[in-house]
DNA sequence: CCGGTTGGTTCCATTATTTGAAACTTAGTC
DNA sequence: GACTAAGTTTCAAATAATGGAACCAACCGG
């Protein structure tokens with residue numbers, strides 16, 4: 002992992018460091034970060050100091066390790082409630098999960114990556130934050146392609162530039178060209194398929210969540226396995242998935258309005 | 002709210018802006034932020050731009066409003082799992098809730114404020130993220146005082162400087178002097194009480210969660226109402242609460258170790 | 001007890017970034 | 001069509017970030 006890169010300005014670098022700390026799943030020592038980071042010792046040191054004094058990181062003085070700070074948890078609460086579609090979409094996901102009996106994913110685009118913000122698993126009820134927060138590639142997942150297909154040209158270019166195009170399975174679309182062709186088909190069709198492009202045996206049918214003005218704000222997918230069903234069967238649910246997506250979009254838009262100053 | 006202030010460097014300012022956006026619970030327009038912020042137009046503008054291009058904020062181009070970005074949600078996921086005591090403490094909270102039959106809070110200190118990271122309510126099982134993320138004052142809550150009492154002098158000074166000392170009820174300790182005296186008693190006793198200092202009728206008994214080296218990493222409280230029980234009765238649970246706190250601390254410490262580079 | 005490492009912190013002159021008043025664009029309004 | 005509000009851009013001055021190198025403190029192995 003690592004290899005961030007796109008850091009404009011000091012803020013960008015600081016956030017980059019933040020991501021780096023977040024990347025490890027345990028508290029990290031200064032030297033670990035130094036080894037991984039592209040910044041010189043003193044710079045990294047001051048960055049860490051700033052972030053720590055800001056409460057974004059916590060320095061464990063006993064061991065000299067850095068971990069993500071509680072301020073992030075607080076921000077997260079707000080982010081969850083405000084930015085993500087999850088709170089709005091929750092009841093609709095429940096509905097869709099019940100109607101299809103399959104696994105449902107709600108995702109949003111995060112700088113070229115797919116961020117799963119909520120999930121329903123036919124069987125066990127969600128454990129919200131454990132499931133959400135996962136990130137995945139855009140170019141080889143149903144939700145990712147559904148979102149890419151409806152992005153603005155410049156945003157799409159940016160996003161494509163961030164794809165690795167690693168070949169996960171035989172079906173993976175492993176070049177921008179193949180992907181662009183597929184995206185066109187998706188735009189025409191209105192929904193995307195995952196033909197075991199990410200994981201062998203896993204298929205899905207995904208639809209974008211679009212505002213009235215046509216902006217993508219997320220995607221919804223119905224996922225299953227080749228053992229259980231077929232793409233054609235999943236496509237049968239595309240209609241109702243689109244309906245649900247439309248409802249979520251509508252609510253998301255009305256939610257953003259009121260603003261009585 | 003608002004009135005942040007302590008912003009060293011550009012990064013501090015950027016994070017300040019982030020908090021500002023998080024403070025509103027709906028997407029905010031540029032001008033709203035401008036009115037609230039201490040920064041000149043152009044500066045705020047560029048800060049917002051940076052944060053947006055970094056994915057920490059999202060600009061809704063239809064309406065020109067800013068909202069917290071998904072990158073934050075991703076970071077939050079990591080922060081939750083890594084920094085907060087919540088995942089470690091979960092089973093212990095369950096245990097304590099069951100044994101006491103009262104409401105349990107798990108909190109951590111966030112720059113002088115108390116951040117509730119998890120909660121058990123005898124009746125309904127937790128809805129994790131909805132409950133957590135709430136912040137409260139430190140000077141007039143059980144968990145707050147329990148943590149303050151065991152902080153290092155300098156950290157304590159910093160934290161006290163951030164308290165408002167607003168008088169919420171007749172019992173509220175409304176000066177640093179009164180609070181310092183109380184903190185000494187808490188240190189001696191090993192646990193803190195909330196004698197209806199924050200909300201009328203709400204009482205609690207709280208204990209700090211300390212590392213072996215004596216650093217505070219959080220606090221645990223058993224909360225109830227004057228209608229249901231008394232402080233004395235709650236104090237009866239102090240022993241087992243301390244045991245639980247010790248277990249959480251131990252696990253938190255061992256968790257932070259391994260680090261085979 | 002000492003010279004050598006490793007891991008972390010601080011200095012400080014140089015450099016690059018941020019700053020913010022003011023000018024400029026839009027897009028509404030009357 | 002002038003007037004206003006909201007957002008965006010410019011540019012020289014000011015400030016903050018930079019990073020090489022020096023420094024400090026533990027911790028070795030001898």
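Chains as they are written, first to last, in the numbering used here: chain A, 2 to 262; chain B, 2 to 262. Beta carbons are placed, not taken as given, at the ideal position from N, Cα and C, and that holds for glycine.
Per DSSP, the continuous beta strand (DSSP E) segment holding residue 116 (chain A) begins and ends at 114–121. Chain B places no beta carbon closer than 7 Å to that of residue 159 (chain A), leaving this residue out of the contacts. When 8 Å is used as the limit between beta carbons, residue 19 (chain A) is near these residues of chain B: 76, in chain order.
Remark: C-beta atoms of residue 18 (chain B) and residue 66 (chain B) do not approach each other more closely than 7 Å. The straight-line gap separating the alpha-carbon atoms of residue 114 (chain B) and residue 165 (chain A) is approximately 42 Å. Each residue's CA atom was taken as its position, placing residue 210 (chain A) and residue 230 (chain A) some 24 Å apart.
For residue 13 (chain B), the nearest beta carbon of chain A is closer than 7 Å to its own beta carbon. Counting only Cβ-Cβ distances below 7 Å, residue 221 (chain B) has no contacts in chain A at all, with the closest Cβ about 16 Å away.
One thing to note: residue 91 (chain B) has its Cβ no nearer than 7 Å to the Cβ of residue 116 (chain A). Residue-level contact by beta carbon fails for residue 142 (chain A) and chain B, as no gap is shorter than 7 Å. With a threshold of 7 Å between beta carbons, residue 23 (chain B) makes contact with chain A. Beta-bridge pairing by DSSP links residue 32 (chain A) to no other residue. Within chain B, no C-beta atom comes less than 8 Å from the C-beta of residue 172 (chain A); the nearest is roughly 27 Å away.
The DSSP assignment places 71–83 as complete runs of the alpha helix (DSSP H) inside the region 66–95 of chain A, in order along the chain (cut-off: 4 residues).
Counting C-beta atoms within 10 angstroms of its own C-beta, residue 138 (chain A) has 16 or more neighbours from the protein chains shown and is therefore classed as buried. For residue 51 (chain B), the closest of B:201, B:41, B:14 by C-alpha to C-alpha distance is B:14. Secondary-structure assignment with DSSP links residue 138 (chain B) through a beta bridge to B:114.
Under the three-pair Cβ rule at 8 Å, the region 158–175 of chain A does not count as touching the region 217–225 of chain A. CA-to-CA, the gap between residue 191 (chain B) and residue 208 (chain B) works out to about 7 Å. Proximity to residue 69 (chain A) across B:111, B:100, B:46 peaks at B:111, based on C-alpha coordinates. Residue-level contact check: residue 251 (chain B) does not touch chain A, since none of the beta carbons of chain A fall below 7 Å from its beta carbon. Taking C-beta separations shorter than 8 Å and ignoring five residues to either side along the sequence, the partners of residue 23 (chain A) in its chain run 69, following chain order.
Taking the C-beta atoms as reference points, residue 245 (chain B) is found no nearer than 7 Å to residue 86 (chain B). Against residue 116 (chain B), the close residues of chain A are 71, 74, 75, in the order they occur along the chain (beta-carbon pairs closer than 7 Å). Against chain A, a Cβ distance below 8 Å from residue 214 (chain B) picks out 63. Put simply, the backbone Cα of residue 38 (chain B) is about 8 Å away from that of residue 45 (chain B). Cβ atoms of residue 198 (chain A) and residue 173 (chain A) come within 8 Å of each other, at about 5 Å. With at least 16 other beta carbons inside 10 angstroms of its own, residue 56 (chain B) counts as buried. Secondary structure note for residue 224 (chain B): its beta strand (DSSP E) is the uninterrupted segment 217–226. Under the three-state reduction of DSSP, residue 176 (chain B) is assigned to coil, being neither helix nor strand.
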